[in-house]
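Each protein sequence line maps, in turn, to chains A and B.
Here numbering that gives the first Met the number 0 is used: the first residue of the first sequence is 0, the next is one more, and so on.
Here numbering that gives the first Met the number 0 is used: the first residue of the second sequence is 0, the next is one more, and so on.
What follows is a short report on a single structure.
Number of protein chains: 2
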Amino acid sequence: MTASVPIAGTRWLDEDEQRAWRAYLEATLLFFDALDRQMQQDSGMPHAYYEILVRLSETDGHSMRMSELAVRTRSSRSRLSHAIDRLEERGWVERADCPTDRRGQLAHLTDHGFAVLAAAAPSHVAVVRKHVIDQLSPEQIRQLTDIGTTIINGLEADDRVG
Amino acid sequence: MTASVPIAGTRWLDEDEQRAWRAYLEATLLFFDALDRQMQQDSGMPHAYYEILVRLSETDGHSMRMSELAVRTRSSRSRLSHAIDRLEERGWVERADCPTDRRGQLAHLTDHGFAVLAAAAPSHVAVVRKHVIDQLSPEQIRQLTDIGTTIINGLEADDRVG
DNA sequence: TCACAACAATTGAACTCTCAACATAATTGA
DNA sequence: TCAATTATGTTGAGAGTTCAATTGTTGTGA
């Protein structure tokens, strides 16, 4: 739908906006498909699972509350819960009761999980570099940081309001 | 995994690159989740289906070959085939034999499908505007276009090679 | 012309994600 | 103190995606 189909009250995208949106959309569709395919082939897990392992590996004790982990990985609680099920089946993560809140659960990265993460990391970085980072100038790296941060802030503000 | 875990031959991301990648990743995870949720609530379809209808609506005759439609929507053939199944069940799209190639199939947007698309468009544009376009300056809109286009070109070149 | 490769599209199973519903525990405030 | 509210996490069903295998068609080179 374009500006040639006017509907009262709708501000359509102008040509520049349309191009930006399509470029962002298509780049993202293509890249995330490529990323997931590569992660699946090289490391036997989807990218989302890799990010869970990364987040756990960055903490002291390689453990984190489920709710905290969901926020950090930008995941829903339900998605995380299912994902941790799969990761537990593979022995990469274990669940433990939270000592300070009986509702809580801790996700803990096992030594095996850490080894799997370490093995997966190089090819993951290689793909991100090849298709994103190394394609862009240092200036564009800064621009992408600003654009991404701005979008995140807007979405988080929106979240807090409704 | 960071530069603090050196592995021979791997070029890790430096701090600026790391920030850019995380900002892009998280903005995209948050935004596409929000977009899909909104599309599902307001229009009863995932964003990917909306894009299929848009592409069909942009052609003369509201028809396109499956393979062509797959390329334009940055979709796999399999994904598209399943998606068209669902869209056909709802009466928004119909399949027809291709007159020039007996292997081929045409996807055709029905009048009902077009009406559904027209009804869905305003709230779709509103979300894209709210969370992306209206958050960015005209300069950032240009930057995002360039960044996205660069990434697309790299991925397409990679595709042609291997 | 014919065998063989490449192309177009589909299929079904396995997997991931979403959504709503649920169970349990902590917190709030009257 | 205790009922109502809020928070944490899980579950199962339904929906979408992926991957490999399959069918049928077209193109190519000997």
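Just so it is clear, CB atoms sit at the ideal spot from N, CA and C, and this is done for glycine as well.
This one's a predicted model, so the numbers in the text were calculated from it and none came from an experiment.
Open item on the list: Given this structure, state the Cα-to-Cα distance separating G43 (chain B) from D35 (chain B), to the nearest angstrom.
Closed with: In a straight line, the C-alpha of G43 (chain B) is about 10 Å away from that of D35 (chain B).
Open item on the list: Can you look up S66 (chain A) in the DSSP assignment and give me helix, strand or coil?
Closed with: Of the three classes helix, strand and coil, the one that applies to S66 (chain A) here is helix, per DSSP.
Task: Three-state secondary structure assigned by DSSP to V92 (chain A) - done: Of the three classes helix, strand and coil, the one that applies to V92 (chain A) here is strand, per DSSP.
TODO: Would you identify the three-state DSSP class for L12 (chain A), choosing helix, strand or coil?
DONE: Coil at L12 (chain A), not helix or strand.
TODO: Sort A:E67, A:T148 and A:G147 by Cα distance to C97 (chain A) and report the nearest one.
DONE: Ranked by how close their Cα comes to the Cα of C97 (chain A), the residues A:E67, A:T148 and A:G147 have A:E67 in first place.
- [ ] Specify the secondary structure class of L135 (chain B) as computed by DSSP and reduced to three states.
- [x] If DSSP states are grouped into helix, strand and coil, L135 (chain B) belongs with coil.
TODO: Please work out which residues of its chain come closer than 8 Å, Cβ to Cβ, to D145 (chain A), disregarding the five sequence neighbours upstream and downstream, and give them in chain order.
DONE: Hits under 8 Å: none found.
Task: Cβ distance (whole Å) where E88 (chain A) is taken to contact H107 (chain A) below 8 Å - done: Not confirmed; about 15 Å, so no contact.
Open item on the list: Taking 8 Å as the limit between beta carbons, can you name the residues of its chain near I132 (chain B), skipping five residues before and five after?
Closed with: Around I132 (chain B): I140.
TODO: Return yes when the Cβ of T148 (chain A) is within less than 8 Å of the Cβ of A22 (chain B), no when it is not.
DONE: Taking 8 Å as the cut-off, the Cβ atoms of A22 (chain B) and T148 (chain A) count as close.
TODO: Mind checking the segment 10-33 of chain B against chain A and listing, in chain order, the residues whose C-beta falls within less than 9 Å of any C-beta there?
DONE: Contacts with chain A (Cβ-Cβ distance below 9 Å) from the segment 10-33 of chain B involve R10, W11, L12, D15, E16, R18, A19, W20, R21, A22, Y23, L24, E25, A26, T27, L28, L29, F30, F31, D32 and A33, listed in chain order.
Open item on the list: Let me make sure I understand the geometry here. Which of A:G153, A:G60 and A:M38 has the alpha-carbon closest to that of E50 (chain A)?
Closed with: Of the candidates A:G153, A:G60 and A:M38, the one whose C-alpha sits nearest the C-alpha of E50 (chain A) is A:M38.
Task: Buried or exposed (CB count within 10 angstroms, at least 16 for buried), S74 (chain B) - done: So S74 (chain B) counts as buried.
Task: Own chain partners of G103 (chain A) with C-beta closer than 6 Å, once the 5 adjacent residues on each side are dropped - done: R64 and C97, listed in sequence order.
- [ ] Determine the chain B residues that contact T144 (chain A) at a beta-carbon separation under 7 Å, and present them in chain order.
- [x] For T144 (chain A), the neighbours in chain B by C-beta distance under 7 Å run, in chain order, R18, A19 and A22.
Open item on the list: Counting only beta-carbon separations shorter than 8 Å, does Q139 (chain B) have a partner in chain A?
Closed with: Yes, because at least one Cβ of chain A sits closer than 8 Å to the Cβ of Q139 (chain B).
Task: Contact under 8 Å by Cβ, F29 (chain A) with L29 (chain B) - done: Inspection of the sequence shows that residue 29 (chain A) is occupied by Leu rather than by Phe. Not a contact, by the Cβ cut-off of 8 Å.
Open item on the list: Any beta carbon from chain B within less than 8 Å of G147 (chain A)'s own beta carbon?
Closed with: Yes - at least one Cβ of chain B is within 8 Å of the one on G147 (chain A).
Task: Backbone CA spacing between L55 (chain A) and A118 (chain B) [nearest angstrom] - done: Taking the straight line joining both Cα atoms gives about 44 Å.
Task: With 16 other Cβ atoms within 10 Å as the buried cut-off, status of A114 (chain A) - done: With fewer than 16 other Cβ atoms within 10 Å, it is exposed.
- [ ] Give the residues from the segment 80-107 of chain B that approach chain A closer than 8 Å (Cβ to any Cβ), ordered along the chain.
- [x] Answer set for the segment 80-107 of chain B: empty.
TODO: Take T27 (chain A) as the anchor and find which of B:R159, B:N152 and B:V160 has the nearest alpha-carbon.
DONE: Looking at the Cα atoms, B:N152 is the closest of the given residues.
Open item on the list: Can you pull the chain A neighbours of G153 (chain B), defined as C-beta to C-beta under 7 Å?
Closed with: Per Cβ cutoff of 7 Å: H130 and Q134.
Task: L12 (chain B) to V126 (chain A) span [Cα, whole Å] - done: Approximately 12 Å, taken between the alpha carbons.
Task: H107 (chain B) - containing alpha helix (DSSP H), residue span - done: DSSP places H107 (chain B) outside any alpha helix (DSSP H); the residue lies instead in the beta strand (DSSP E), whose first and last residues are Q104 to L108.
- [ ] Hey, could you find the ends of the alpha helix (DSSP H) S56 (chain B) is sitting in?
- [x] First-last of the alpha helix (DSSP H) with S56 (chain B): H46 to S56.
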